[in-house]
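Residue numbers 26 to 174, in my numbering, belong to the letters of the sequence shown in order.
Where a beta carbon is used, it is the ideal one built from N, C-alpha and C, also for glycine.
The model shown is predicted, which means the values in this text are computed figures rather than measured ones.
First the structure, in the form of structure tokens, and then the observations on it.
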Amino acid sequence: MKNRISEFVVGLIFGLGLIVSGMTDPGKVLGFLDLAGLWDPSLAFVMGGAIAVGVFAFAVAKKRTTSFLGGAMHLPTSRDIDRRLVVGSLIFGAGWGIAGFCPGPAIVSAGAGQPKAIVFVIAMLAGMWLFELVERMSHGTPTTQTGGR
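Here it is, written out as structure tokens:
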């Protein structure tokens, strides 16, 4: 139960940070991405702050074998830049540029009842389901299997 409360509090703080930073406003995000038009550089400060926090957090995490709540640490080990990474990044960027949402802010905005965000989250979940289906089919894993990798 303690972990669930901590997870809720961390998620709440993250969601509030997304709202305060303007990441839940697709117009602000699209303004940031519009380098050739009326560019809004304010989200660059948000990105810089996130990178600074991430650098510090990963430096601390690399020295630990368990999380602060006692769970196992599962840090990424692969440093490969392959076709899947590049194609996935392009799809993510295209979706972000078209909709003005990325997953975290979209979930926060959907929770606030924004219709565009709700459609985005449904489409995102459908895409995730389709990806899992294609992965299972390409690896010969039955599609009725549940659970993650």
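{"query": "Exposed or buried, which one is R174 when buried takes at least 16 other CB atoms within 10 Å?", "result": "Note on R174: pLDDT 47, under 50, position unreliable in the model; no value is reported."}
{"query": "Pull the bridge partners of T91 from the DSSP assignment, please.", "result": "A97"}
{"query": "How many whole angstroms separate the CB atoms of A135 and I143, which I take to be in contact at a CB cut-off of 8 Å?", "result": "5 Å"}
{"query": "Under a three-way DSSP split, which group does M103 fall into?", "result": "Checking the displayed sequence, the identity of residue 103 turns out to be Ser instead of Met. Looking at S103 - three-state DSSP - the assignment turns out to be coil, as it is neither helix nor strand."}
{"query": "Return the Cβ separation of V133 and G40 in integer angstroms, given the expectation that the two are a contact with Cβ distance under 8 Å.", "result": "5 Å"}
{"query": "Please classify T102 as buried or exposed, where buried requires at least 16 other C-beta atoms within 10 Å of its C-beta.", "result": "exposed"}
{"query": "Please classify M72 as buried or exposed, where buried requires at least 16 other C-beta atoms within 10 Å of its C-beta.", "result": "exposed"}
{"query": "So, helix, strand or coil for F83, using DSSP?", "result": "helix"}
{"query": "Which residues in the same chain as L55 place their Cβ atom closer than 7 Å to its Cβ, once the five residues preceding and following it in sequence are excluded?", "result": "G125"}
{"query": "Under three-state DSSP, which class holds F145?", "result": "helix"}
{"query": "Could you tell me the boundaries of the alpha helix (DSSP H) in which L4 lies?", "result": "Examination of residue 4 is not possible in this model, given that the chain is present from 26 through 174 alone."}
{"query": "Using CA atoms only, rank isn't needed, just tell me which of E32, V112, F57 is closest to F156.", "result": "V112"}
{"query": "Give a yes or no on contact between the region 65 to 80 and the region 41 to 51, applying the rule of three or more CB pairs nearer than 8 Å.", "result": "yes"}
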